[in-house]
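My numbering numbers the first residue of the sequence shown as 83 and each following residue consecutively. Working notes for the structure below.
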Amino acid sequence: MESKKLAALLSSLVSELLVLVLLLFPSDSYNSNSHGILFRIIRHYLSCQELATSLSLFPISKKRKRTQLREAGSEPTHEDRDLERGSRLGELSRVAPNPDSFKTTFRMRSSTFEWLSGLLEPLLECRDPIGTPINLSSELRLGIGLFRLATGSSYIEIAGRFGVTESVTRFCAKQLCRVLCTNFRFWIAFPTSTELELVSKDIEGLTGLPNCCGVIDCTRFNVVKRNDCKLASDDEVQDDSIAVQIVVDSSSRILSIIAGFRGDKNDSRILKSTTLSHDIEGRRLLNATPVIVNGVAIDQYLIGDGGYPLLPWLMVPFVDVVPGSSEEKFNAANNLMHVFALRTIASLKNWGVLNKPVEEEFKTAVAFIGACSILHNVLLMREDDSALIDVEDYSLYDQDSQFYKDAMTEENLTEKKASDTRRALATRVTEFS
């Protein structure tokens with residue numbers, strides 16, 4: 083087997099193994115005062131460039147020999163690796179001439195770009211189109227893919243800027259999305275019980291809401307498919323939209339994302355169709371010991387807006403509240419949490435490919451959304467300030483009013499527990515404020 087393919091296989095197997103460890107390792111093995119020993123080890127492993135350099139144990143490909151002047155068989159030194167990587171990064175100088183331009187060109191710092199390139203190198207270089215190998219470094223492949231996501235430029239424009247063919251730009255963009263969504267989807271994973279405790283403490287410190295595990299919201303991304311017709315004067319345009327449901331914490335980190343539903347479905351209907359809803363209803367998620375508030379047992383729950391139904395695990399705003407009442411203060415806390423979801427949505431739509439109708443097949447557009455969401459969490463993990471944007475009015479990203487709301491009142495809810503929980507939480511928020 084070729085060294086690049088073997089390296090990619092190893093990297094893929096390690097990624098899947100880490101996911102299985104997180105799922106299967108007993109929860110009592112985690113440290114309650116941290117994100118968990120295993121989780122920290124995995125994050126350290128993923129944030130370390132040794133993943134790529136450790137693969138030097140395998141035979142070096144011919145392409146990699148182009149910058150090596152050392153004696154045959156000798157191990158590369160740190161200086162050799164720095165020179166080689168610096169040379170390869172220099173290939174991007176036409177597109178990003180200095181470190182500051184990386185944030186506008188690739189929507190991340192140059193240090194994050196270099197780290198990501200080293201991590202993805204074996205996977206980006208292992209699967210070229212059959213019969214037409216692409217003689218490009220991992221840095222250029224990553225740069226082309228990120229440029230498409232960050233700027234939303236057309237493939238023709240990208241080809242001209244990078245000096246490659248249009249087919250190569252398409253391949254690199256889709257390959258990056260495929261690698262991220264297949265091998266690194268664990269960067270968006272619903273927190274463990276121990277991690278949820280930390281999420282809840284942060285939220286309670288901000289709002290006074292105990293046992294809250296995040297905020298849920300839904301947004302839409304437009305998709306435009308153009309069918310070129312040589313006999314027609316205009317292109318035939320097919321409009322569509324993709325509904326995306328997200329759950330975020332108080333740092334706007336995405337805890338769960340579900341994309342692929344047609345955008346004409348309302349938020350409540352989408353929620354009921356998701357595995358997230360089924361797992362919560364089946365007590366596979368949000369199943370920790372409840373906290374007692376004013377004599378009411380409060381299970382773990384999410385915060386949602388008026389587009390969702392009131393459920394024991396989903397708290398939505400009161401309707402027609404009296405000014406100054408505990409219900410109004412609860413709604414204020416709900417709105418504060420909602421801003422974190424809207425900020426995440428705004429930041430996702432700040433990726434150039436998503437802030438306008440995506441001219442791709444529906445499945446490819448879904449992959450673009452998934453890749454940008456994964457990169458969003460990566461940037462937050464790296465403390466890269468390119469991840470989030472601040473806008474004056476986040477309500478511009480609130481699409482709740484555009485879709486049907488379930489006509490549900492407290493009198494016809496099947497579970498009175500949801501109403502009791504919300505009233506108890508309203509009382510707690512009043513005490514907090």
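Backbone N, C-alpha and C fix where the C-beta goes; we use that ideal spot for every residue, glycine too.
Asked                                                                                                                                                                             : Found
Identify every run of the alpha helix (DSSP H) within the region 209–246, keeping only runs that are complete inside it and at least 4 residues long; order them along the chain. : 220–233 and 237–244
DSSP state of S429, grouped into three classes?                                                                                                                                   : helix
Find out if the Cβ-Cβ distance for the pair R419, V297 is shorter than 7 Å.                                                                                                       : It should be pointed out that residue 419 corresponds to Met in this sequence rather than to Arg. In this structure, V297 lies closer than 7 Å to M419 by Cβ.
Spatial neighbours of L174 within its chain, please: CB distance less than 8 Å, with the 5 preceding and 5 following residues excluded, ordered by chain position.                : E221, L222 and G225
Would you decide whether H360 is buried or exposed? Buried here means 16 or more other CB atoms lie within 10 Å of its CB.                                                        : exposed
Quick check: I352 and I270, are their CB atoms within less than 7 Å of each other?                                                                                                : no
What number of angstroms, rounded off, separates the C-alpha of V101 from the C-alpha of T214?                                                                                    : Any reading at V101 must be qualified, since the residue scores a pLDDT of 47, below 50, and its modelled position is unreliable; the value itself is stated next. When rounded, the distance between both Cα atoms is 34 Å.
Output the distance between the C-alpha atoms of K411 and T512, rounded to the nearest integer angstrom.                                                                          : 6 Å
Would you identify the three-state DSSP class for M397, choosing helix, strand or coil?                                                                                           : strand
State buried or exposed for E207, treating a residue as buried only when at least 16 other CB atoms are found within 10 Å of its CB.                                              : buried
Compute the distance between the beta-carbons of A469 and V375, then report whether it is under 7 Å.                                                                              : no
Hey, A232 and G377: beta-carbon distance below 7 Å or not?                                                                                                                        : no
Would you call the region 413–429 and the region 233–245 touching, i.e. three or more CB-CB distances under 8 Å?                                                                  : no
On the DSSP bridge assignment, give the partners of C300 in chain order.                                                                                                          : Q327
Taking Cβ positions, are A423 and D299 nearer each other than 7 Å?                                                                                                                : yes
To the nearest angstrom, how far is it from the Cα of A379 to the Cα of K499?                                                                                                     : 9 Å
Using the rule of at least 16 other Cβ atoms within 10 Å of the residue's Cβ for burial, across every protein chain shown, is N459 buried or exposed?                             : buried
Less than 7 Å separating the beta-carbons of I216 and V177?                                                                                                                       : no
Using a Cβ-Cβ cut-off of 8 Å (strictly less than) and excluding sequence neighbours within five positions of R243, which residues of its own chain qualify?                       : R176, V177, F229 and S235
Taking the alpha-carbon of C295 as reference, which of F343, L368, Y479 and P394 has the nearest alpha-carbon?                                                                    : L368
Return helix, strand or coil for F272, following the three-state DSSP convention.                                                                                                 : coil
Could you tell me the boundaries of the beta strand (DSSP E) in which A341 lies?                                                                                                  : I336 to R344
Taking the continuous beta strand (DSSP E) assigned at V448, which residues delimit it?                                                                                           : Segment F444 to M463 is the alpha helix (DSSP H) holding V448; no beta strand (DSSP E) there.
Give the C-beta separation of E474 and V305 to the nearest angstrom, bearing in mind that I take them to be a contact with Cβ-Cβ under 8 Å.                                       : That belief does not hold up - the Cβ atoms of E474 and V305 are roughly 28 Å apart, past 8 Å.
Whole angstroms is fine: what's the gap from S129's alpha carbon to W197's?                                                                                                       : Reliability fails at S129, whose pLDDT of 43 lies under 50, so the model's placement of it is uncertain and the value that follows must be treated cautiously. Approximately 8 Å between the Cα atoms of the pair.
Counting along the chain, where does the beta strand (DSSP E) carrying V378 start and finish?                                                                                     : V378 to I380
Of the residues P211, W395, M463 and I240, which one's Cα is nearest the Cα of R504?                                                                                              : W395
Could you spell out the range, first to last residue, of the beta strand (DSSP E) harbouring L470?                                                                                : It is not in any beta strand (DSSP E) - L470 carries neither H nor E in the DSSP assignment.
When burial is assigned at 16 or more other CB atoms within 10 Å of the CB, is V404 buried or exposed?                                                                            : exposed
The beta strand (DSSP E) that contains V375, what's its start and end?                                                                                                            : V373 to V375
From I336 to V398, what distance separates their C-alpha atoms?                                                                                                                   : 20 Å
Can you round the beta-carbon distance between I285 and L291 to whole angstroms, since I take them to be within the 8 Å contact cut?                                              : 6 Å
Which residues mark the beginning and the end of the beta strand (DSSP E) in which S384 is found?                                                                                 : The sequence shown places Leu at residue 384, rather than the Ser named in the question. It spans Y383 to I385 - the beta strand (DSSP E) in which L384 sits, taken as one unbroken run.
Just list the residues that DSSP pairs C294 with in beta bridges.                                                                                                                 : Y383
Considering only residues of the same chain and omitting the five flanking positions on each side of N437, which have a CB-CB separation below 6 Å?                               : K431
So, for Y479: in the same chain, excluding its five sequence neighbours on each side, which residues have a beta-carbon less than 6 Å away from its beta-carbon?                  : L424, I427 and A428
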